[in-house]
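*Asks:* Sequence lines, in order, name chains A and B.
According to our numbering, the first sequence is numbered sequentially starting from 72.
According to our numbering, the second sequence is numbered sequentially starting from 644.
Quick reminder that beta carbons are idealized off the backbone N, C-alpha and C, glycines included.
Quick one: structure below, then a few questions.
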Amino acid sequence: MARMKFLCDSERCIECNGCVTACKNANDVPWGINRRRVVTINDGERNEVSLSVACMHCTDAPCMAVCPVDVFYQTDDGIVLHDKDGCIGCGYCLFACPFGAPQFPQDGAFGERGKMDKCTFCAGGPEEDNSPAEKAKYGDNRIAQGKLPMCAEMCSTKALLAGDASEVSDIYRERVIGRGSNKGAWGQNLAYNAAGRKS
Amino acid sequence: MGELRGMPGFLRGASFWLTSIAWLRSTVGLTLTRRLKQRLSLCMLLCVIALAPQVQAAGGEGPVGSGYKGADYWRSVTQGDAGYSTNKAPEAGVLINRSGEQWRQLRNNLVKRYGKWVLAATLLGLLVVYVLVGKSRLEEARTGVTIERWKRLDRYIHWLVAGLFIILGLTGLSLLFGRHFMPDLIGKALFNDGMQVAKWVHNYLGPLFVLSLAVMILKWLKNNFITRVDLRWFMQGGGMIKGKHPHAGYMNGGEKLWFWLLVLAGIVVSLSGLVLDFPAYFELRHDFQLANLFHGVASLVLVCGALAHAYIGSIGTEGALEGMVSGQVDEAWAKQHHDLWYDEVKKAQNDKK
């Protein structure tokens, strides 16, 4: 069984925001909402570095744990999805999310939060795959079509990788061998590779 | 250039630049006078001295592409440092929301876990009191003569606050605990629709509760300053311990305690609630996290207090509820529970005559 993951190689990301645009286009993301964003650290300085970030589809997802209406669910592939019909727009998932992934339209009275919108790994929602209802609420279901998320597919430098964790990991490992260093994916050493941790 | 063709690319480039520099030196160098050369070298020396600190600083970080830098960035972003993003949403530049996991732990493992036990303990405690102590009955027979305890406006404001509190309490508790049992109880579809309504009701009635609570507190403030009589009332356990009923004025010590709890927790619950109610005016997740925790704790305190208050004011004390329903209490009740107030009222009545 696959375990879907994103990995952004900061050595390759050039802050073109192509992933953001590709996502908005593929999923018809509403005005004012970006399911993905690019953040640049030390912008304009010699050591500037960029990273594209969206929902990371956590294994122990904090959004799932705090949702008062329990609308989140995880697919067999480890993709974290939610049922917009049940969402009440309380904002708790945003408070808990480590990556700022959940977004809320604020077109209600007094800036009240509407139904939450976030990256679906291009896997739609609980409706029938690729149905008009699913498309309207969650955007394209590329996973059901046998494709990978649009952001990673469109990435011009292939900084953003998406897919089964073991395959993403293999691609990245090849890059590490070529470069002779593992500084493209921050914290990767700490998070995934205890043996390679520097003392 | 024929011999260059066989060379690798970078060597070809290097030899081109080397020959070019040699050519420049041979032509320009001949035309420079000795004096100009001296001046140029002085300028260059000054430049080097002036630029030295900057060059050193830049050099300390090492050239881009060498050395392991990922750990530094990782440390920086996990501390919540913000970068630049073309996305202008609040906190879009923050890669890692530091306090998110902390908030999750505090809400799920502290407020929710202990909150349900505190609620259960309160209900159980009231049941135990009802079974062991029982209803506090009137010691003397009803006189049939009543005196006015609560004016019409007092009763309206009390029941307005109470009604809103019950609605907000039920919707709030279902937001906190509902997901664990309500879908099984009423079905997923009804739960979904119901919770959307619950959120709207909670959000829109909240400010109304704040206003009515503020009016009630201001109106009743003068009756609720703690006096020496109240301290003695507390010392004697409010008459719960069998024996002589302690003296009490218009409000007894217990009522005043509930009033001040309502003031303190009410302020916390109101302010935090208004923050949560208007997300457009508060941008930082940290504000919402704090507001949510304060709101949850203060609300649970108030719910427990209100349960005790409702018990004591209705089935716990004979003759108490009618005071807040009709405004009139029996003289026997007044004499038993608020003897000092009863004396005052009687004195005033006699003075009038």
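Counting C-beta neighbours from all protein chains within 10 Å, is the total for Gln216 of chain A 16 or more, i.e. buried, or is it exposed?
*Replies:* In the first sequence, the residue the question calls residue 216 of chain A occupies position 145. Classification of Gln216 of chain A: exposed, given that the 10 Å Cβ count is below 16.
*Asks:* Determine which residues share a DSSP beta bridge with Tyr144 of chain A and list them.
*Replies:* Numbered from 1 along the first sequence, position 73 holds the residue referred to as residue 144 of chain A. DSSP output for Tyr144 of chain A lists A:Leu152 as bridge partner(s).
*Asks:* Could you pull the DSSP bridge partners for Met75 of chain A from this structure?
*Replies:* To locate residue 75 of chain A, count along the first sequence from 1; it is residue 4. Beta-bridge pairing links Met75 of chain A to A:Asp235.
*Asks:* For Leu738 of chain B, decide whether its Cβ has a neighbour in chain A, counting only Cβ atoms nearer than 8 Å.
*Replies:* The residue labelled residue 738 of chain B in the question sits at position 95 within the second sequence. Leu738 of chain B counts as touching chain A.
*Asks:* Please report the residue range of the alpha helix (DSSP H) in which Arg108 of chain A lies.
*Replies:* Against the first sequence, residue 108 of chain A aligns to sequence position 37. Arg108 of chain A -> not in any alpha helix (DSSP H); beta strand (DSSP E) instead, spanning Arg108 to Ile112.
*Asks:* I'd like to know if Ile242 of chain A contacts chain B, where contact means its C-beta is closer than 8 Å to some C-beta of that chain.
*Replies:* The count along the first sequence starts at 1 and reaches residue 242 of chain A at position 171. Output row for Ile242 of chain A: interface = no.
*Asks:* What is the DSSP secondary structure of Val911 of chain B, reduced to helix, strand or coil?
*Replies:* The residue given as residue 911 of chain B occupies position 268 in the second sequence. Helix.
*Asks:* Cα separation between Gln879 of chain B and Lys865 of chain B?
*Replies:* Locating residue 879 of chain B in the second sequence gives position 236, where the first residue counts as 1. Locating residue 865 of chain B in the second sequence gives position 222, where the first residue counts as 1. Taking the straight line joining both Cα atoms gives about 24 Å.
*Asks:* Between the region 91 to 110 of chain A and the region 249 to 256 of chain A, can you find at least three pairs of beta-carbon atoms closer than 8 Å?
*Replies:* The region 249 to 256 of chain A vs the region 91 to 110 of chain A: no contact.
*Asks:* So Asn96 of chain A contacts chain B; which residues on that side make the cut at Cβ distance below 7 Å?
*Replies:* In the first sequence, residue 96 of chain A corresponds to position 25, counting from 1. Going along chain B, no residue has its Cβ under 7 Å from Asn96 of chain A, so there is no contact; the nearest lies around 16 Å.
*Asks:* Could you give the residue range of the beta strand (DSSP E) that holds Thr789 of chain B?
*Replies:* Within the second sequence, residue 789 of chain B is the residue found at index 146, counting from 1. Thr789 of chain B -> beta strand (DSSP E) spans Thr789 to Glu791.
*Asks:* Provide the residue span of the alpha helix (DSSP H) that contains Ser942 of chain B, from first to last.
*Replies:* Position 299 of the second sequence, counting from 1, holds the residue named residue 942 of chain B. Where Ser942 of chain B is concerned, the enclosing alpha helix (DSSP H) stretches over Arg928 to Gly956.
*Asks:* For chain A, check one thing: does any of its Cβ atoms lie closer than 8 Å to the Cβ of Arg928 of chain B?
*Replies:* Residue mapping note: residue 928 of chain B aligns to position 285 of the second sequence, counting from 1. Judged by the 8 Å Cβ criterion, Arg928 of chain B is in contact with chain A.
*Asks:* Which chain A residues are close to Gly743 of chain B, counting only those with a beta carbon under 7 Å from its beta carbon?
*Replies:* For the purposes of this step, residue 743 of chain B is taken as residue 100 along the second sequence, with counting starting at 1. Under the 7 Å cutoff, chain A gives Pro133, Phe166, Ala167, Cys168 and Pro169.
*Asks:* List the DSSP bridge partners of Asp188 of chain A.
*Replies:* On the first sequence, residue 188 of chain A is found 117 positions in, with the first residue counted as 1. A:Gln174.
*Asks:* With 7 Å as the limit, tell me which residues of the region 220 to 252 of chain A have their beta carbon closer than that to any beta carbon of chain B; keep them in chain order.
*Replies:* Here the close residues are Ser252.
*Asks:* Which partner residues of Leu769 of chain B appear in the DSSP bridge assignment?
*Replies:* Here residue 769 of chain B corresponds to residue number 126 of the second sequence, with the count starting at 1. According to DSSP, Leu769 of chain B bridges with nothing at all.
*Asks:* With three or more C-beta pairs closer than 8 Å as the rule, is the region 720 to 728 of chain B touching the region 737 to 749 of chain B?
*Replies:* In short, these stretches touch, since the Cβ pair count reaches three.
*Asks:* Helix, strand or coil for Asp973 of chain B, going by three-state DSSP, please let me know.
*Replies:* Position 330 of the second sequence, counted from the first residue, corresponds to residue 973 of chain B. Asp973 of chain B falls in the strand class under three-state DSSP.
*Asks:* Going by DSSP, what residues sit across from Tyr727 of chain B in a beta bridge?
*Replies:* On the second sequence, residue 727 of chain B is found 84 positions in, with the first residue counted as 1. Per DSSP, A:Thr111.
*Asks:* Can you name the residues of chain B whose CB is closer than 9 Å to the CB of Ile85 of chain A?
*Replies:* Here residue 85 of chain A refers to the residue found at position 14 of the first sequence. None at all; the shortest Cβ gap to chain B is about 13 Å.
*Asks:* Keeping to the same chain, check which residues put their C-beta closer than 8 Å to that of Gln979 of chain B; ignore five residues upstream and five downstream.
*Replies:* Sequence index remark: in the second sequence, residue 979 of chain B carries index 336 (1-based). The residues are Leu781, Glu782, Glu783 and His888.
*Asks:* Give me the residue from A:Cys222, A:Cys134, A:Val247 and A:Asp241 with the minimum Cα distance to Leu122 of chain A.
*Replies:* As a position in the first sequence, residue 122 of chain A is number 51, starting the count at 1. Answer by Cα proximity: A:Cys222.
*Asks:* Which partner residues does Val737 of chain B have in the DSSP bridge list?
*Replies:* Here residue 737 of chain B refers to the residue found at position 94 when the second sequence is read from its first residue. B:Ala725.
*Asks:* Pro173 of chain A touches chain B at which residues, Cβ-Cβ below 8 Å?
*Replies:* Stepping through the first sequence from its first residue, residue 173 of chain A is reached at position 102. In chain order: nothing, as chain B lies at least about 10 Å away.
*Asks:* Can you tell me which of the three DSSP states Ala784 of chain B falls into?
*Replies:* Against the second sequence, residue 784 of chain B aligns to sequence position 141. Correct three-state label for Ala784 of chain B: coil.
*Asks:* Under a three-way DSSP split, which group does Ala215 of chain A fall into?
*Replies:* Translated into the one-based positions of the first sequence, residue 215 of chain A becomes position 144. Looking at Ala215 of chain A - three-state DSSP - the assignment turns out to be coil, as it is neither helix nor strand.
*Asks:* Give a yes or no on whether 8 Å exceeds the smallest Cβ distance from Val140 of chain A to chain B.
*Replies:* For the purposes of this step, residue 140 of chain A is taken as residue 69 along the first sequence, with counting starting at 1. Yes, because at least one Cβ of chain B sits closer than 8 Å to the Cβ of Val140 of chain A.
*Asks:* What are the residues that DSSP puts in a beta bridge with Thr840 of chain B?
*Replies:* One-based indexing of the second sequence puts residue 840 of chain B at position 197. The sequence as given places Val at residue 840 of chain B; Thr does not occur at that position. The partner list for Val840 of chain B (beta bridge, DSSP) is empty, contrary to what the question assumes.
*Asks:* If you measure from the beta carbon of Glu791 of chain B to each beta carbon in chain A, is any gap under 8 Å?
*Replies:* Position 148 of the second sequence, counted from the first residue, corresponds to residue 791 of chain B. So no, Glu791 of chain B is outside the interface.
*Asks:* Count the other CB atoms, across all protein chains shown, that sit within 10 Å of the CB of His981 of chain B; report buried if there are 16 or more and exposed otherwise.
*Replies:* For this step, residue 981 of chain B is matched to residue 338 along the second sequence. Counting Cβ neighbours within 10 Å, His981 of chain B comes out buried, since at least 16 surround it.
*Asks:* Provide the residue span of the alpha helix (DSSP H) that contains Val872 of chain B, from first to last.
*Replies:* Indexing the second sequence from 1 puts residue 872 of chain B at position 229. Unbroken alpha helix (DSSP H) run through Val872 of chain B: Arg871 to Met878.
*Asks:* So, for Arg117 of chain A: in the same chain, excluding its five sequence neighbours on each side, which residues have a beta-carbon less than 7 Å away from its beta-carbon?
*Replies:* For this step, residue 117 of chain A is matched to residue 46 along the first sequence. For Arg117 of chain A, where only same-chain residues beyond five positions count, there are no Cβ hits under 7 Å.
*Asks:* Could you check what DSSP says for Ala714 of chain B in three-state terms: helix, strand or coil?
*Replies:* Position 71 of the second sequence, counted from the first residue, corresponds to residue 714 of chain B. If DSSP states are grouped into helix, strand and coil, Ala714 of chain B belongs with the helices.
*Asks:* What number of angstroms, rounded off, separates the C-alpha of Ala700 of chain B from the C-alpha of Ala194 of chain A?
*Replies:* Residue 700 of chain B sits at position 57 when you count from the first residue of the second sequence. Residue 194 of chain A sits at position 123 when you count from the first residue of the first sequence. Only weak support is given to the placement of Ala700 of chain B: the predicted model assigns it a pLDDT of 40, under 50, and the question is left unresolved by the model.
*Asks:* I'd like to know whether the C-beta of Thr729 of chain B is nearer than 8 Å to at least one C-beta of chain A.
*Replies:* Here residue 729 of chain B is taken as the residue at index 86 of the second sequence, counted from 1. Interface residue, yes.
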